[in-house]
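*Asks:* Below: one structure in structure tokens.
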Amino acid sequence: MDAKTTTNNKAANLNVGAFIKKYTMVIALVVVFIFFAWWTEKRLLYPQNLSNLLIQNAYVLVLACGMLLCILTGGNIDLSVGSTVCFIGAIAAQMLTKYNLNPIIVILLSLVFSCLIGMWQGFWIGYVHIPPFICTLAGMFLFRGFGRAILESKTIAIPQSEGSVGKRFLDIFTSYIEVPGLDNDVKWSAFAAGIIIACVLVVITVFNRIKKAKKGYKQASAVSQFAKIAIIDLLIIAYTWKLAHYKGIPVMALWVLAIVFIYAFITSKTAFGRYFYAVGGNEKATKLSGIDTKKVYFLAYTSMSLLAGLSGLLVAARVGSVNGDTGNSYEMDAIGSCFIGGASAYGGSGTVGGVVVGAILLGVINQGMSIKGLDSNWQYVVKGSVLLAAVIFDVVSNKKTGKAG
């Protein structure tokens, strides 16, 4: 009996340890959020602040999804992200103010330009084998210079007068969803959306369990899986309830959710998405298996620049103007979100879900410290400390499992 009890205790300790390791950053996010909610005397929980938490960090969430693909290929990064944001934002601002182009055309042309930037860098990295650090460092200087030249070293404000192309452009990104007849002082459509999403997650979980059971796949216990879904659902419903008491769901949230779901699907449900992990895990073996690693690098950096272009549009719309410093250090926010969210510094490991957690964690820190009125310099100190702790955790974990070089 004693031996059996000891075995059960060891198994329980192992399960608890595995759970903590798997959800380290989620636990950290919860702890940090509770701390800042207490420290700000619950001001962080105000509907407006929770809405701003998403809007102000939309660009980080978008950029981090693209940066994840670069990091997966072997711990590589793209240093030109912030400069691309400035360059594309400058192009969009000029097209709206100087040439008075239709907002849809502006968006499409901006994304085409950003895609061309990614293809340019992806070619040198993937096919000419220039180290990503060097190639994107050059891009950082190039596109920052081009952006400032297009802006003529001035700040260009996007027109906001009713009926102008600038106002229509802003509405595409910065408006809020409102359902006539349903939304009034309380935006019930936001709360209804939260309930629908929660129900969809439950249905998907049930169908996935049934599908795996029929195929005989091993899966987590029903209790643990549904407990996790219940917690996620409660958070979604609580968040949308708060949004309902402000202005409802911001359209910018739809852009972010679309990118997150697309990249989550690509990296977890497609064979091509697994190529990024394979290249980061063992590039030589991946190449010998017949996978075109050059194409993988090419698409990783093309994707990154495409999302940088979208982020440039999001930032231009949120701020309402573009200047030569737009996008400064954005690449660091994206890289930090990935590493804090569990992406390995050695490549081959990381998830979109983890990246989202990392981005939100940084956002909560920024928002909480801003609410308290602390100097922005301390925000850098705290973010740097959190990033260092996350990378140390990754390195130590890899050494224990023999993955470190």
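So in our numbering, spot 336 of the sequence shown is number 1372, and the numbers just go up one at a time. All residues carry an ideal CB built from backbone N, CA and C; glycine is no exception. Source: prediction; values computed, not measured.
1) Note down, one range per segment and in chain order, each beta strand (DSSP E) of at least 3 residues found wholly within the region 1315-1398.
2) Rounded to the nearest angstrom, what separates Cys1106 and Ile1124 at their Cα positions?
3) Where do the ends of the alpha helix (DSSP H) carrying Leu1115 lie?
4) Please return the same chain residues whose Cβ sits closer than 6 Å to the Cβ of Lys1248, not counting the five positions on each side in sequence.
5) So for Lys1250, helix, strand or coil by DSSP?
6) What residue from Tyr1382, Gly1162, Thr1172 has the CA that sits closest to Lys1331's CA?
7) Around the C-beta of Leu1206, are 16 or more other C-beta atoms found within 10 angstroms, so that it is buried, or is it exposed?
8) Could you check the C-alpha separation between Thr1172 and Lys1223 for me, to the nearest Å?
9) Do the region 1311-1330 and the region 1087-1100 meet, that is, are 3 or more Cβ pairs less than 8 Å apart?
10) Would Thr1303 and Phe1312 be called neighbours here (beta carbons separated by less than 8 Å)?
11) Hey, out of Gln1415, Leu1290, Gly1118, whose CA is closest to Ala1174's CA?
12) Looking at the secondary structure, which residues open and close the alpha helix (DSSP H) in which Arg1180 lies?
13) Can you grab the Cα-Cα spacing for the pair Ile1208 / Val1292, in whole Å?
14) Here's the rule I'm using: 16 or more other beta-carbon atoms within 10 Å means buried, otherwise exposed. How should Thr1191 be labelled?
15) For the alpha helix (DSSP H) that contains Lys1264, what are its first and last residues?
16) Any contact between the region 1275-1283 and the region 1359-1375? By contact I mean 3 or more CB pairs, one from each, below 8 Å.
17) Pick from Cys1151, Leu1089, Phe1071: whose alpha carbon is nearest that of Ala1344?
18) Among the candidates Gly1389, Tyr1095, Tyr1337, Ile1428, whose CA atom is the shortest distance from the CA of Trp1156?
19) Helix, strand or coil, according to DSSP, for Ile1161 in the structure here?
20) Opposite Pro1286 in the DSSP bridges: which residues?
21) Measure the C-alpha to C-alpha separation of Phe1341 and Leu1108 and round it to an integer number of angstroms.
22) Helix, strand or coil for Ile1192 per DSSP?
23) Just grab the DSSP bridge partners of Asp1219 for me.
*Replies:* On the basis of the data shown:
1) The region 1315-1398 is shown to contain no whole beta strand (DSSP E) run of 3 or more residues.
2) Working through the sequence shown from its first residue, we reach residue 1106 at position 70. Working through the sequence shown from its first residue, we reach residue 1124 at position 88. Straight-line Cα distance between these residues: approximately 20 Å.
3) As a position in the sequence shown, residue 1115 is number 79, starting the count at 1. Counting along the chain, no alpha helix (DSSP H) covers Leu1115, and no H or E run does either.
4) As a working note, residue 1248 is residue 212 in the sequence shown. Excluding residues within five positions, the ones whose Cβ falls inside 6 Å are Gln1255.
5) Position 214 of the sequence shown holds residue 1250. In the structure shown, Lys1250 adopts helical secondary structure according to DSSP, grouped into three states.
6) Against the sequence shown, residue 1331 aligns to sequence position 295. In terms of Cα proximity to Lys1331, the closest of Tyr1382, Gly1162, Thr1172 is Gly1162.
7) Here residue 1206 is taken as the residue at index 170 of the sequence shown, counted from 1. Around the beta-carbon of Leu1206, 16 or more other beta-carbon atoms lie within 10 Å, marking it buried.
8) Counting from 1 along the sequence shown, the entry for residue 1172 is found at position 136. Counting from 1 along the sequence shown, the entry for residue 1223 is found at position 187. Going by the C-alpha atoms only, they are around 44 Å apart.
9) These segments do not touch.
10) Numbered from its first residue, the sequence shown carries residue 1303 at position 267. Numbered from its first residue, the sequence shown carries residue 1312 at position 276. Their beta carbons are under 8 Å apart, which means Thr1303 touches Phe1312 by this criterion.
11) The sequence position of residue 1174 within the sequence shown is 138, counting from 1. Relative to Ala1174, the option among Gln1415, Leu1290, Gly1118 whose CA is nearest is Gly1118.
12) Walking along the sequence shown from the start, residue 1180 turns up at place 144. That run of the alpha helix (DSSP H) goes 1168-1187.
13) Taking the sequence shown and counting its residues from 1, one reaches residue 1208 at position 172. Taking the sequence shown and counting its residues from 1, one reaches residue 1292 at position 256. Spanning the two alpha carbons is a distance of roughly 13 Å.
14) Translated into positions along the sequence shown, residue 1191 becomes position 155. Classification of Thr1191: exposed, given that the 10 Å Cβ count is below 16.
15) Translated into the one-based positions of the sequence shown, residue 1264 becomes position 228. Here the alpha helix (DSSP H) through Lys1264 covers 1258-1280.
16) No: the two stretches stay apart, fewer than three of their Cβ pairs being nearer than 8 Å.
17) In the sequence shown, counting from the first residue as 1, residue 1344 sits at position 308. The shortest C-alpha separation from Ala1344 is found at Cys1151.
18) In the sequence shown, the residue the question calls residue 1156 occupies position 120. For Trp1156, the nearest C-alpha among the options comes from Tyr1337.
19) Sequence index remark: in the sequence shown, residue 1161 carries index 125 (1-based). Ile1161: helix per DSSP, three-state reduction.
20) By one-based count along the sequence shown, residue 1286 stands at place 250. Pro1286 is bridged to Tyr1212.
21) On the sequence shown, position 305 is the one that residue 1341 refers to. On the sequence shown, position 72 is the one that residue 1108 refers to. Per the sequence presented here, residue 1341 reads as Ser, with Phe not at that position. Distance between the alpha carbons of Ser1341 and Leu1108: 16 Å.
22) Within the sequence shown, residue 1192 is the residue found at index 156, counting from 1. Looking at Ile1192 - three-state DSSP - the assignment turns out to be strand.
23) Residue mapping note: residue 1219 aligns to position 183 of the sequence shown, counting from 1. According to DSSP, which records beta bridges pairwise, Asp1219 is partnered with Lys1223.
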